[in-house]
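Below is one structure, written out as structure tokens; the observations come after it.
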Amino acid sequence: MLFFSFFKTLVDQEVTVELKNDMEIKGVLKSVDQYLNLKLDNISCTNDVKYPHLNSVKNLFIRGSTVRYIHLNPNSVDCTLLQDASRRGPWFKPPSKGCPLAHTKLQCIIDRLNI
Amino acid sequence: MADVQPQQKQEEPLDLIRYQLDETVLVKLRGAREMKGKLQGYDSHCNMVLSDATEYIYAENQDKPQGKSTDMVFIRGDSVILISPVAE
Amino acid sequence: MSEVSSNSSIKTDPSTFLSGIIGSKVSVKLNNGVSYVGNLQSIDGFMNIVMDTTAEFIGGAASGTKYGDVFIRGNNVLYISKV
């Protein structure tokens, strides 16, 4: 659930998704679900010479399992928070108490999911 | 109850990845790829985020892998084969 | 050294075997044919494995790659054997 929460904080940011079939699709992240399926808007293929299939497509749903990498803008990632959230694992077990220290959006989403 | 384990709780493999947070790791991936970068986050599926990462792709016909660098990248866990700390 | 794994006449179930070989030198073969030989530090129910002083073997020959510590994702594991 950690990365589901993480990607929810990146909605409306531009990302580049590299698929396992080597296609690279740049677009604005519009939506994400628990399987890390993605919806992208305003897409373009960064290697469209090799893969011209999507020239006329604006908007895309990507099944999470086909993703290899997602390249992100480093300025939109809070590394300290992500490290702390990872250290707190396991992520599937709910913690015993609430979230007195929630400051930020990601923190709040994580804590809400853990209730 | 008679034989209590002398050691404290056994560390699980994923606990040992935790020690690599904020350190440089080498991740071996499916498709003859490797990614080296600073570990910023991970979960139990081995989904990961690396910063200042370089991807190395090994091709049949050349000895030296081609390198591609990226500032911040999410790696989907199902491609991961192994994770190892990099001595620096 | 370890009583559990040396006595082969006693039936051991897989999880007893696995907890018994922690700390021993093991060989781990992956689905892609590559194998790793090193000291088993830790293992869990997904067969995620941590080993130290690990050497990589490709097609039976040492590839020359050595890892101080290495985490192997369980889904890639074909077998683990004590060496």
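Residue numbers (UniProt numbering), protein chains in the order written: chain A, 1 to 115; chain B, 1 to 88; chain C, 1 to 83. Even for Gly, the Cβ is constructed at its ideal location relative to N, Cα and C. These figures come from a predicted structure and were not determined experimentally.
Provide the residue(s) that pair with A/VAL67 in DSSP beta bridges, ordered along the chain. A/LEU19
Bridge-paired residues (DSSP) for C/GLU56: C/TYR36
Does DSSP put A/PRO94 in a helix, in a strand, or in coil? Reliability of the predicted coordinates at A/PRO94 is poor, the pLDDT of 42 falling under 50, and the value obtained from them is presented with this limitation in mind. Here A/PRO94 sits in coil by DSSP.
Three-state class that DSSP yields for A/CYS45 in the structure shown: strand
What does B/ILE75 reach in chain A if we use C-beta pairs closer than 7 Å? TYR69
Would you be able to state if there are at least three C-beta pairs under 8 Å between the segment 45-59 of chain C and the segment 68-77 of chain C? yes
Can you tell which of A/THR9, A/ALA85, A/LEU40 and A/ILE25 has the C-alpha that lies nearest to the C-alpha of A/ASN75? A/THR9
Would you say C/VAL70 lies against chain B (beta-carbon separation less than 7 Å)? yes
Below-7 Å beta-carbon distance, B/PRO13 vs any chain C residue: yes
Burial state of B/GLU23 (16 or more Cβ within 10 Å): exposed
Extent of the continuous alpha helix (DSSP H) to which B/GLN66 belongs: Looking at the DSSP string, B/GLN66 is not in any alpha helix (DSSP H); the run it does join, the beta strand (DSSP E), is 66-75.
In angstroms, rounded to a whole number, what distance separates the CA positions of A/VAL11 and A/HIS71? 14 Å
Verify the CB distance criterion: does B/SER84 have a CB-CB separation below 7 Å to chain A? no
Quick check on A/LYS50: buried or exposed, where buried means 16 or more other Cβ atoms within 10 Å of its Cβ? exposed
Nearest residue (CA-CA) to C/VAL26, options C/ILE58, C/GLY38, C/LEU18 and C/GLY60: C/GLY38
Nearest to B/LEU26 (by Cα), restricted to the options B/THR54, B/GLU11 and B/ASN61: B/THR54
Assigned secondary structure, B/GLN10 (DSSP; H/G/I helix, E/B strand, else coil): coil
Taking the DSSP output, what are the residues bridged to A/GLU24? A/GLU18
Segment contact flag, the segment 50-64 of chain A with the segment 16-26 of chain A, C-beta cutoff 8 Å, min 3 pairs: yes
Mind checking if A/SER31 is an interface residue toward chain B, Cβ cutoff 7 Å exclusive? no
So with CB distances below 9 Å, who are the chain B contacts of A/ASN73? ASP71 and MET72
Contacting residues, own chain, Cβ-Cβ under 6 Å from C/ILE43 (five flanking each side not counted): LEU18 and ILE49
Hey, is C/ILE58's beta-carbon within less than 7 Å of any beta-carbon in chain B? no
Can you confirm whether B/LEU21, when its beta carbon is compared against all beta carbons of chain E, has any partner nearer than 7 Å? Included in the structure are the protein chains A, B and C, with no chain E among them.
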